[in-house]
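Heads up, the thing below is written out as structure tokens.
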Amino acid sequence: MGDASFFYCSQGCSSEKLELFREVRYRCPRCQGLLEVGHDLDALKSTPPEVWKATFDARVGRTEWPFGSGVWGKKEWVCPEIDDNNITSFFEGNSNLFWAARLGAELGVEDLWIKLCGNSHTGSFKDLGMTVLVSAVAEMRSRGLPIQAIACASTGDTSAALAAYAAAANIPSVVFLPENKITPAQLTQPLAHGARVLSIRSDFDGCMALVKAVAEKPESPIYLANSMNPLRIEGQKTVAIEMVQQFDWRVPDWVIIPGGNLGNVSALGAGFDMLEAMGITTKRPRICVGQAERANPLYRSFLTGFAEFEPIEAQETAASAIRIGNPVSIHRAIKSLRRYDGVVEQATEDELNEAAARGDKTGLFNCPHTGVALAALEKLIARGLVERHHRVVVVSTAHGLKFSEFKANYHGGTVGNYRNQPLSIEATPEAVFKALGL
Ligand SMILES: *Cc1c(COP(=O)(O)O)cnc(C)c1O
Ligand SMILES: [Zn+2]
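Residue numbers for the sequence shown, in this note's numbering: 45 to 482.
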């Protein structure tokens, strides 16, 4: 094995390169800090930017395994150490970059785009990271490492992705879910894939602490799949690369993304960093993270200029996938936000409800987290940070169909500005015209 990619300490305590798949590790052996995946950038740079662009463009949607995937189409930048035979892929990525012309016109931003990452095998962007993680586990198992199962704590979407990829790879999976805090669709997904589902009487942060304790026990046969594992970030970073590719290799002015455990925003930063390092881009976008007001530790830290950070106890929010009070990737996220002139916004329940419904009315079908990001966009416009001529990308993180109760509650409620109800009528043409007022 070469050292085309490797782990290194995120805290910078040494410049040692650690082999990716020789042993199971999640932390720096010296300081116990989290790890990052690094790449041999000098070797990658010997390929000119024009050749990278042409190579990646030529692979989109084609059949040669595994390059048709939006993640594996960029394998050299993601995880070149994995043998193609060990890859489990559902051809994730290559998701629609939707030109939200009608919503943009309403909001006064003409160049508004929604990156529909929820249009994916398990209905969320988590597939982008999970294909790398599960493939890495298959690689480690093929090299003789004694991993018997993969486990994660989840607010619903990570566990759905883990269960599906692990099932396809024929590796047992275990998911730690906070009891009664995820949607019925999200609970059904890992059950259907045959995962061992543990319903924990705690919140997400409690599940996270538990799965970490289990996976980090010496000689544990259980491998940890949460985004503190940097292999997932490598897959998720392709969302930044892919959106630039979809704009014919041009960088937008703003990217807005909902944040919980904050792997997401770290991954965005990593993707844009890679594009710049390879000489493909020179401009940097600004990044905005949207949080629910009821689970807003990053927002609170932002108000101190990131000088302070305090974990909080997250409260109930419709944006249940980002109901997280103690984000694992907080330090990576702050680093990313500093580099990308970042801002953090928050949305109340009313604001996220209205923003999601307003988007739906223009043809989207938003999950509540995308509602948070859309509410953040409205605030950035009101503050004059997003201007009429800016090209803006809102990352939509999950498919609205996973959150049908959220929508049913809104439309069946009494306060929403966009609520809509079925009309119950007799089966006659007259009743139809009468009901329609035509
Ligand atoms: C996981 C998730 C997020 C948050 O991503 P982080 O990397 O945890 O910040 C946002 N939206 C949805 C739908 C998710 O599943
Ligand atoms: Zn270290």
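Note that beta-carbon positions come from the ideal geometry of N, C-alpha and C, so glycine has one too.
Going by beta carbons, glutamate 352 and glycine 369 fall outside the 8 Å limit. For isoleucine 126, the closest of Gly460, Ala207, His455 and Arg185 by C-alpha to C-alpha distance is Arg185. DSSP, read as helix, strand or coil, puts asparagine 410 in strand.
Cβ neighbours of cysteine 251 within its own chain (closer than 8 Å, five residues either side excluded): Ala197, Ser198, Phe220, Leu221, Pro222 and Ile244. For the options His434, Lys118, Asn138 and Val372, the alpha carbon positioned closest to that of leucine 306 is the one of Val372. When secondary structure is reduced to three states using DSSP, phenylalanine 447 falls in the helix class. Per DSSP, the continuous beta strand (DSSP E) segment holding aspartate 155 begins and ends at 155-160.
Here glutamate 389 is buried: its Cβ has 16 or more other Cβ atoms, across all protein chains shown, within 10 Å. If you ignore the 5 residues before and after valine 104, its C-beta comes within less than 7 Å of the C-beta of Gly117 and Asn138, all in its own chain and listed in chain order.
Counting only the Cα atoms, glycine 303 lies some 25 Å from glutamate 150. C-alpha of aspartate 155 to C-alpha of asparagine 163: approximately 21 Å in a straight line. Separation of aspartate 86 and serine 49 (C-alpha to C-alpha, rounded to the nearest whole angstrom) is 12 Å. If you compare the alpha carbons of Leu467, Ala365 and Ile300 with that of tryptophan 157, the shortest gap goes to Ile300.
In this structure, tyrosine 209 places its C-beta atom within 8 Å of the C-beta atom of threonine 132.
Inter-segment contact for the stretch 323-331 and the stretch 84-100 is present: three or more beta-carbon pairs are separated by less than 8 Å. In terms of Cβ geometry, phenylalanine 51 and valine 81 form a close pair [threshold 8 Å]. For alanine 144, the three-state secondary structure derived from DSSP is coil.
Serine 217 is bridged by DSSP to Ile194. In its chain, beyond the 5 residues on either side, Gly173 and Leu177 have a beta carbon closer than 6 Å to the beta carbon of arginine 276. Taken from the Cβ of glutamine 233, every heavy atom of ligand 2 lies 7 Å or farther away. What you get when you keep residues with a C-beta closer than 6 Å to any heavy atom of ligand 2 is Cys53, Gln55, Cys57, Cys72, Arg74, Cys75 and Gly77.
Annotation: leucine 268 is outside any alpha helix (DSSP H); the continuous beta strand (DSSP E) that includes it extends over 266-268. Of the candidates His165, Lys225 and His443, His165 places its Cα closest to the Cα of leucine 206. DSSP assignment within the stretch 291-374 yields the following whole alpha helix (DSSP H) runs of 4 residues or more, N-terminal first: 307-321 and 341-347. The Cβ neighbour count for serine 271, taken over all protein chains shown within 10 Å, is at least 16; the residue is labelled buried.
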